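In this note's numbering, the protein residues as written are -6 to 209.
Accompanying notes for the structure given below.
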Amino acid sequence: MAKTEIPEWVPLFPLPTVVLFPKTYLPLHIFEPRYREMVEDALQGDRMIGMVLLKEGWEADYDGRPPIYETGSIGKIVRSQRLDDGRFNIILYGLEKCLVRTEKQDRSYRQGQIDILREPAVEALYAPLKERLVELTLEYRQKMPEGESLQSVLETGLEDDVLVATLSAGLPLTVVEKQFLLEAETLPLRARRLAALMEMGLQRTDTMENADDETA
-6 MAKTEIPEWV
4 PLFPLPTVVL
14 FPKTYLPLHI
24 FEPRYREMVE
34 DALQGDRMIG
44 MVLLKEGWEA
54 DYDGRPPIYE
64 TGSIGKIVRS
74 QRLDDGRFNI
84 ILYGLEKCLV
94 RTEKQDRSYR
104 QGQIDILREP
114 AVEALYAPLK
124 ERLVELTLEY
134 RQKMPEGESL
144 QSVLETGLED
154 DVLVATLSAG
164 LPLTVVEKQF
174 LLEAETLPLR
184 ARRLAALMEM
194 GLQRTDTMEN
204 ADDETA
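What follows is the structure, encoded as structure tokens:
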């Protein structure tokens, strides 16, 4: 996708269960009136939306301005479907990480002034690190119910940054773990964090299987 100029202010879409990674696609169903307005405005403008994760305790002030993680991602609406009742189905493509510096709310939805967080360019991951990620992905495929979809990720020949982002988005990690990955300042650091989280997930699965065997 061609380089896109990102504005200083973007609409914010804070959710409790979603982390958008650059270079990945995210389908969303938009039904709340304030976020319908947000999508309407975005479609009439630059199509940009800032995806941010709500912090724990968001339920107490969901209709207001519950606290968010400051690091998020800028997504561009690349596909949209307006439904008869005013709802939308959209697909976002992650462009860049961002830092939300301050907010304003002169619309029904939140808006953030952002800094773009560009990471140092890395041509390729250190070979043993990438090999470990591939090994762990294959183990996930064998042991996890969600693993079947991972085979195609390995077969598509993705560049390293896209591979790490796709695995980070697609693996059955908690949103806090995904936020931890998003906040990594470099691709190698994100890959190392991802490998560590995958190893812990596989260890938990092995422990549960062993416990089941002992009680059978």
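Even for Gly, the Cβ is constructed at its ideal location relative to N, Cα and C.
A quick note: this is a predicted structure, and the numbers were derived from the prediction, not measured.
- If only complete runs of 3 or more residues are kept, the region 71 to 116 shows the beta strand (DSSP E) at 81 to 97, 104 to 110, in order along the chain.
- For V3, no alpha helix (DSSP H) run applies; the uninterrupted beta strand (DSSP E) run containing it begins and ends at 2 to 8, by DSSP.
- Taking 8 Å as the cut-off, the Cβ atoms of V3 and I109 do not count as close.
- Under the three-state reduction of DSSP, L21 is assigned to strand.
- Here R186 is near L174, since their CB atoms are less than 8 Å apart.
- A Cβ-Cβ distance of about 7 Å is found for the pair L88 and I(-1), placing them in contact under the 8 Å criterion.
- V11 is bridged by DSSP to nothing; it lacks a bridge partner.
- By the CB criterion at 8 Å, A120 and D153 fall outside the cutoff.
- In the DSSP assignment, no residue is bridged to G38.
- Just measuring C-alpha positions, the residue of V168, Y62, P181 sitting nearest V155 is P181.
- At a Cβ-Cβ threshold of 8 Å, S73 and L13 do not count as neighbours.
- In this structure G43 touches F6 by the C-beta definition: roughly 7 Å separates them, less than 8 Å.
- In this chain, the alpha helix (DSSP H) harbouring P121 covers 120 to 136.
- DSSP places G68 in the strand class (E or B) of the three-state scheme.
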